[in-house]
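Numbering (our numbering), first residue to last: 1109 to 1334. Even glycine gets a Cβ: it sits at the ideal position worked out from N, Cα and C. If you're wondering where the values come from, they're calculated on a predicted model, not measured in any experiment. The structure appears below as structure tokens.
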Amino acid sequence: MTRVNSIAQRILHCLTLLFVLTAIVACSEHDDTWNPYYNWKARNAQWFQQVADSARTAIQQAKELHGDDWQAHCPWRMYKSLLKNNTQGPLTDSICVKIVQRGDGDFSPAYTDSVRLNFRGWTMKKEYTTDNGTLEPSMAVFTQTYYGPFNPATAAPQTMAVGGTVEGFSTALQYMVTGDDWYVYMPHNLAYGEKANADIPAYSTLLFRINMVGAYESGSGMPGWK
């Protein structure tokens, strides 16, 4: 009888431990105690795939409705990295762009040129549950030249070399003109890749809002700013 009681107690102990572990996992996925970086690589890849699917769908619909004039009716673009030589390649050789505002400049900088920009960069930090029960990514800012809502009058733009940025960022810059204001999504292999960088974990899809204030050819000099 004692042996039977001992076995029963062990079974009860195991079931209790299993319940506790399950509760911990459940809590960690649905409240602030969970690890926001769980399954990070796969979640970030899925995020970029979803954005790319939205972009391709919007572009295709615009082409069907407006033909050669589709770009005037669609804010989405997909640009292959200018450092990739092959004509065919995986989706992650490209960035996705959503245009907020089109500029009136007539010059797109080359890789060796310089630019003056306002920008803000985000990573996907964690997920939250929406009213309809779906999980959506919330964002974490890791760099910015302005605070609060974007206002060109109060932002503090920075000057940089086009070639001094990550591959996805420099690709976007080479398609922009002065006055452009874009959201740019880039997969991890066109950003910081498999290595962490400061507040950016490895395998991070990045989102930037980029406003091009000016673009300057190499050797032409740049105006002075306060």
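Closest by C-alpha distance to residue i, when choosing among the options
{"i": "I1308", "options": "M1232, Q1209 and L1190", "result": "M1232"}
{"i": "T1279", "options": "M1268, Y1146, A1218 and Y1255", "result": "A1218"}
{"i": "E1325", "options": "V1285, I1207 and A1304", "result": "V1285"}
{"i": "N1297", "options": "Y1145, F1156, R1185 and P1144", "result": "F1156"}
{"i": "A1269", "options": "D1161, Q1209 and T1220", "result": "T1220"}
{"i": "A1180", "options": "S1189, Q1169, K1188 and L1190", "result": "Q1169"}
{"i": "F1250", "options": "R1151, G1272, R1317 and Y1146", "result": "R1317"}
{"i": "L1191", "options": "G1271, A1310 and A1150", "result": "G1271"}
Close beta carbons around residue i, own chain, < 7 Å, minus the five adjacent residues each side
{"i": "A1299", "result": "V1274, G1276, S1312 and L1314"}
{"i": "K1171", "result": "W1178"}
DSSP bridge partner residues for residue i (one or two, in chain order)
{"i": "I1318", "result": "F1227 and W1290"}
{"i": "C1251", "result": "Rather than Cys, the amino acid found at residue 1251 in this sequence is Thr. BP columns for T1251 point to G1229."}
{"i": "K1234", "result": "S1246"}
{"i": "V1205", "result": "R1185 and V1292"}
{"i": "N1259", "result": "According to DSSP, N1259 bridges with nothing at all."}
8 Å Cβ cutoff met for residue i and residue j
{"i": "S1216", "j": "Y1283", "result": "yes"}
{"i": "Y1254", "j": "T1267", "result": "no"}
{"i": "N1226", "j": "F1258", "result": "yes"}
{"i": "G1287", "j": "G1211", "result": "yes"}
{"i": "K1206", "j": "W1290", "result": "yes"}
{"i": "L1378", "j": "A1160", "result": "One cannot answer for residue 1378 here, as it falls past the ends of the chain, which runs 1109 to 1334."}
{"i": "Y1293", "j": "C1204", "result": "yes"}
{"i": "K1234", "j": "P1144", "result": "yes"}
{"i": "A1153", "j": "W1184", "result": "no"}
Range of the contiguous alpha helix (DSSP H) that encloses residue i
{"i": "T1267", "result": "That residue, T1267, is in no alpha helix (DSSP H); its beta strand (DSSP E) goes Q1266 to A1269."}
{"i": "F1277", "result": "E1275 to L1281"}
Beta strand (DSSP E) segment containing residue i, residue limits
{"i": "R1210", "result": "Element bounds for R1210: n/a, residue is neither H nor E."}
{"i": "W1155", "result": "Note, W1155: premise wrong, no beta strand (DSSP E); alpha helix (DSSP H) at W1148 to H1174."}
{"i": "M1186", "result": "W1184 to K1188"}
Same chain only: Cβ atoms within 6 Å of residue i, ignoring 5 sequence neighbours per side
{"i": "G1322", "result": "R1224 and T1286"}
{"i": "E1137", "result": "For E1137, the predicted structure reports a pLDDT of 47, less than 50, and the residue's modelled location is therefore unreliable. A value from the coordinates is still provided. Taken in chain order, the list of residues that qualify is empty."}
{"i": "K1188", "result": "D1201 and S1202"}
Same chain, Cβ closer than 8 Å to residue i, neighbours up to 5 away in sequence not counted
{"i": "L1129", "result": "Reliability fails at L1129, whose pLDDT of 40 lies under 50, so the model's placement of it is uncertain and no value is given."}
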